[in-house]
Amino acid sequence: MAPIRKLQAECGCKSVKIYLQETPDTYNKVGQPSVNCHCEDCVGFPTLCYEAAKAHGSDNGAKVLDVVDRDVDAPNHVFFYNSNVKVADGAEHIGWHKQTKETQTLRFYAKCCGTALGFRYLPMNVTAVYRGAPAKQDTDYADNEVFEFPPPMYAFFATDEEKRKKHEGNDNIKVYGKDVPFFPVLSHFTSRMMLGVVLRKNNGEFGPPEKEEDFGVGTESGDLRLEQ
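For the working numbering, count along the sequence shown from 1 and bump the result up by 63.
So, in structure tokens, the structure goes:
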């Protein structure tokens with residue numbers, strides 16, 4: 064039987080640990096989307112977290128991880144079903160943030176050190192975790208397979224020549240500007256979402272708060288709720 068793929072991610076100060084997994088019934092059928100996104104929000108939020116934590120001056124803030132791949136100036140996020148994302152340690156240190164009140168992208172980070180961890184994308188009801196926050200395994204998974212985050216297969220919103228040039232020489236990535244085609248890209252995400260509905264993988268214990276007041280909102284460092 065094919066193994067369950069398991070991975071652990073953690074923040075810079077190691078107070079937050081997240082267990083991730085992918086099961087054969089999904090990764091053998093639809094693959095696992097891995098994306099470099101150049102849009103303003105996707106680059107802006109982890110950059111905001113990193114710079115705010117450095118300016119915060121706390122001991123933990125000094126350990127913040129920069130999850131933006133500076134070689135291409137974009138973060139790499141990997142998508143998981145919600146049921147395959149579990150917080151092992153430090154749930155009380157996870158903060159949720161909206162860059163605008165109306166956004167459908169709910170981002171989460173470690174309040175303890177400021178490391179950006181990922182986001183929940185509501186229209187597709189999936190969770191993305193940043194490749195920049197992986198950790199070594201400290202668990203024996205027996206016959207299961209320890210895996211690393213898959214490298215990016217798509218680059219989105221590379222809207223100018225400078226952004227596109229950063230991906231030159233990588234034949235394994237498809238680069239798109241403002242308009243992302245349905246085939247084959249968006250159909251990949253859609254088929255994965257539909258399989259998640261059929262297999263009931265879109266629910267899980269980990270998720271955003273229900274109350275609006277539990278979100279930070281904005282694009283300034285003071286809008287984050289970093290711990291002292």
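Where a beta carbon is used, it is the ideal one built from N, C-alpha and C, also for glycine. Please read all numbers here as calculations on a predicted model, not as lab measurements.
I need the boundaries of the beta strand (DSSP E) containing residue i, first residue and last residue.
i	result
D104	Per DSSP, D104 belongs to no beta strand (DSSP E); it is in the alpha helix (DSSP H), 103 to 119.
H156	That residue, H156, is in no beta strand (DSSP E); it is neither H nor E in DSSP.
A125	Careful: A125 lies outside any beta strand (DSSP E) and carries neither H nor E.
S97	97 to 100
If you count every other CB in all the chains shown that lies within 10 Å of the CB of residue i, and 16 or more means buried, which is it?
i	result
Q167	exposed
N266	exposed
R255	buried
A154	exposed
P215	buried
P87	exposed
G259	buried
G232	exposed
R263	exposed
T190	buried
DSSP beta-bridge partners for residue i?
i	result
I81	A72, V150
A179	Y172
D132	A137
A191	F142, F182
F278	W159
Worksheet item: Does the segment 149 to 160 touch the segment 268 to 283, meaning 3 or more C-beta pairs lie closer than 8 Å?
Response: yes
Item to complete: Take every Cβ of the segment 116 to 124, pair it with every Cβ of the segment 165 to 179, and state whether three or more of those distances are shorter than 8 Å.
Response: yes
Discussion item. To test your reading of the DSSP string, which unbroken alpha helix (DSSP H) runs of 4 or more residues are found completely within the segment 215 to 265?
Written reply: 224 to 228, 250 to 261
Practice prompt. Pair every Cβ in the segment 242 to 254 with every Cβ in the segment 121 to 129, then say whether three or more of these pairs are closer than 8 Å.
Written response: no
Worksheet item: Quick one: any contact between the segment 218 to 229 and the segment 131 to 140, if contact means 3 or more CB pairs under 8 Å?
Response: yes
Practice prompt. State whether the segment 101 to 115 contacts the segment 76 to 87, with contact taken as three or more CB pairs (one from each stretch) at a distance under 8 Å.
Written response: no
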